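Peer 1:
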Amino acid sequence: MDLEPGTMDSVRAGPFGQLFRPDNFVFGQTGAGNNWAKGHYTEGAELIDSVLDVVRKEAEGCDCLQGFQLCHSLGGGTGAGMGTLLISKVREEYPDRIMETFSVIPSPKVSDTVVEPYNAVLSFHQLVENSDESFLLDNEALYDICFRTLKLTTPTYGDLNHLVSAAMSGVTCCLRFPGQLNCDLRKIAVNLVPFPRRLDRRQLLGSFVRYI
1 MDLEPGTMDS
11 VRAGPFGQLF
21 RPDNFVFGQT
31 GAGNNWAKGH
41 YTEGAELIDS
51 VLDVVRKEAE
61 GCDCLQGFQL
71 CHSLGGGTGA
81 GMGTLLISKV
91 REEYPDRIME
101 TFSVIPSPKV
111 SDTVVEPYNA
121 VLSFHQLVEN
131 SDESFLLDNE
141 ALYDICFRTL
151 KLTTPTYGDL
161 NHLVSAAMSG
171 VTCCLRFPGQ
181 LNCDLRKIAV
191 NLVPFPRRLD
201 RRQLLGSFVR
211 YI
């Protein structure tokens with residue numbers, strides 16, 4: 001999903017465009033202009049129902065839905081604003097499913113937008129409230145790996161996305177290969193987050209009943 005059609009057009013015309021169903025592409029016409037409020041309250045709010053329809057359709061096709069994985073950036077208006085709006089809406093509709101995010105954190109050293117820190121700070125609250133586990137990817141560290149390890153002088157978005165995909169593949173490899181540890185999204189959350197902040201009513205009721 002995106003709030004402007006240009007990015008979606010390039011994805012559909014690229015080599016990976018055939019990986020996705022054509023009716024799963026959801027995009028707006030105006031963009032968020034690196035404004036978190038536009039993505040969360042105005043432009044994104046107008047588009048969120050179409051995105052949720054796609055989510056419902058994919059969820060209904062699952063035999064055993066474990067949860068959701070969201071890849072987004074916290075520096076822009078769409079990834080930060082509309083991304084966190086989507087997380088909150090999915091949490092409302094599927095409260096017992098795992099919500100996992102891979103969030104790219106902006107850095108002032110490699111940033112070209114002065115409002116990126118504000119967008120990130122506004123997003124952190126939403127992630128804490130609605131996400132079970134968030135894997136934070138430092139944008140500056142991604143560039144540093146490209147410069148120092150890969151010896152690239154001018155890293156492209158493809159190079160950065162390759163590093164992100166490698167991290168995602170490593171975190172979720174237990175879902176694709178047999179093993180005794182972290183065999184599903186919930187066990188990953190249990191082992192990585194021993195003291196979760198978010199408690200639902202059933203957990204609170206269980207704690208109350210235990211001490212009666």
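Counting in this note's numbering, the sequence shown runs without a single skipped number right up to 212 at its last residue. No residue lacks a Cβ here, since even glycine has one placed at the ideal position from N, Cα and C. In this text the structure is predicted, and so the values were computed from the model without any measurement.
Where DSSP assigns a beta bridge to G67, which residues make up the other side?
Peer 2: I98
Peer 1: Please give me, in chain order, every unbroken run of the beta strand (DSSP E) with length at least 3 that falls completely inside the segment 5-46.
Peer 2: Within the segment 5-46, no complete beta strand (DSSP E) run reaches 3 residues.
Peer 1: Just mark G28 as buried or exposed, buried being the case when its beta carbon has 16 or more other beta carbons within 10 Å.
Peer 2: buried
Peer 1: Just the C-alpha distance for T101 and S131, rounded to the nearest angstrom, thanks.
Peer 2: 7 Å
Peer 1: Please classify D138: does DSSP put it in a helix, a strand, or coil?
Peer 2: strand
Peer 1: Suppose contacts are defined by Cβ-Cβ distances below 9 Å. Is L74 in contact with F124 by that definition?
Peer 2: Against a cut-off of 9 Å, the Cβ pair of F124 and L74 comes out as a contact.
Peer 1: If R97 sits next to Q66, beta carbons under 8 Å apart, how far is it from one beta carbon to the other, in whole angstroms?
Peer 2: 7 Å
Peer 1: Going by DSSP, name the residue or residues bridged to V104.
Peer 2: Per DSSP, S73 and L137.
Peer 1: When you compare only the Cα positions, how much space is there between D144 and I188?
Peer 2: 28 Å
Peer 1: Using only alpha-carbon positions, find the residue among N24, T30, L19 and I87 that is nearest to P5.
Peer 2: T30
Peer 1: Rounded to whole angstroms, what is the Cα-Cα separation between L150 and E92?
Peer 2: 42 Å
Peer 1: Does DSSP put D132 in a helix, a strand or coil?
Peer 2: Of the three classes helix, strand and coil, the one that applies to D132 here is coil, per DSSP.
Peer 1: Measure the alpha-carbon distance for P117 versus P108 and round it to whole angstroms.
Peer 2: Between the C-alpha atoms of P117 and P108 there is a straight-line separation of about 8 Å.
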